[in-house]
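S.K.:
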Amino acid sequence: QKEVEQNSGPLSVPEGAIASLNCTYSDRGSQSFFWYRQYSGKSPELIMFIYSNGDKEDGRFTAQLNKASQYVSLLIRDSQPSDSATYLCAETTGGFKTIFGAGTRLFVKA
Amino acid sequence: ETGVTQTPRHLVMGMTNKKSLKCEQHLGHNAMYWYKQSAKKPLELMFVYSLEERVENNSVPSRFSPECPNSSHLFLHLHTLQPEDSALYLCASSQDIGREQYFGPGTRLTVT
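Sequence lines, in order, name chains A and B.
For the record, in the first sequence the residue sitting at position 51 is 51 according to our numbering, with numbers rising by one throughout.
Residues are numbered in our numbering as their position in the second sequence, beginning at 1, plus a constant of 1000.
(1) As an exercise, report each continuous beta strand (DSSP E) stretch of at least 3 residues that is fully enclosed by the stretch 11-44 of chain A, in chain order.
(2) Would you mind reading off the limits of the beta strand (DSSP E) that contains B/ILE1097?
(3) Beta-carbon within less than 6 Å of B/MET1032's beta-carbon, same chain only, minus the 5 sequence neighbours each way: which residues are those?
(4) From which residue to which residue does the beta strand (DSSP E) around B/LYS1036 run?
(5) In chain D, what lies closer than 9 Å to B/LYS1041 by C-beta?
(6) Check whether the Cβ atoms of B/LEU1076 and B/ARG1108 sit closer than 8 Å, and answer yes or no.
(7) Buried or exposed: where does B/LYS1040 fall if 16 or more other Cβ atoms within 10 Å of its Cβ makes it buried?
(8) Spell out a yes or no on whether the stretch 1003-1022 of chain B and the stretch 101-110 of chain A are touching, meaning 3 or more CB-CB pairs, one atom from each, closer than 8 Å.
(9) For A/ILE47, list the residues DSSP reports as bridge partners.
(10) Does B/GLU1084 come out as helix, strand or coil in the three-state DSSP assignment?
(11) If the criterion is Cβ atoms closer than 8 Å, does the pair B/GLN1113 and B/LEU1045 meet it?
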């Protein structure tokens, strides 16, 4: 059973701090990794995708992928209350099957 | 219209009803997906279409029947559903299978 594991949280950080969200996956054949943000009552919104080992930065967001250790993380710098949401990690394996984690709830305190 | 749209946004149906969910993508993508999201559970992939051909049927009960008439439209036909089928049904599309997906707003389904 291929799985994507995330800590359900809630992860609470003060405004302006760095929020660090982590995800591990079981399938060594996984090729593509994604982070989505989901506000309560809304649909998931793509934040970042990463295919290669290392870091990928986009504005306040940095995705980090380590295929040897089978983890992917998302760093949010200068966290804002508007970043409070559930963050979903997902991976695609076998070319088409995308598996989502259950999500980590992030709460940014003003 | 831009992105991925879904109708209706909310649906209440009895167990003997037949209804359909509609999804349309305006992104020129080749792949479309149906997901189910229940409370406190991860997103569950139901169906995947690539260039109008179904490539994944994730052991979904036959009371859910997908249809993809062209690369821009996707339907989910529902009949004789059960109360446990109440959930948020999400449609998504991607440029090609395996690429990043863009979600519609979802249909909140309640089966009474």
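Cβ coordinates follow ideal geometry from the N, Cα and C atoms, glycine included.
Predicted model only: the values in this text are computed from it and were never measured.
M.R.: Considering the structure as presented:
(1) Correct list: 11-14, 19-25 and 32-38.
(2) Taken as a continuous stretch (DSSP letters only), B/ILE1097 belongs to no beta strand (DSSP E), as it is neither H nor E.
(3) Correct list, in chain order: TYR1049, LEU1074 and SER1093.
(4) In the DSSP assignment, B/LYS1036 falls within the unbroken beta strand (DSSP E) covering 1031-1037.
(5) The structure shown contains no chain D; the protein chains it does contain are A and B.
(6) No.
(7) Result: exposed.
(8) Judged by Cβ distances under 8 Å, the stretch 1003-1022 of chain B makes no contact with the stretch 101-110 of chain A, as fewer than three pairs qualify.
(9) Residue pairing from DSSP leaves A/ILE47 without any beta-bridge partner.
(10) Helix, per DSSP.
(11) Examination of residue 1113 of chain B is not possible in this model, given that chain B is present from 1001 through 1112 alone.
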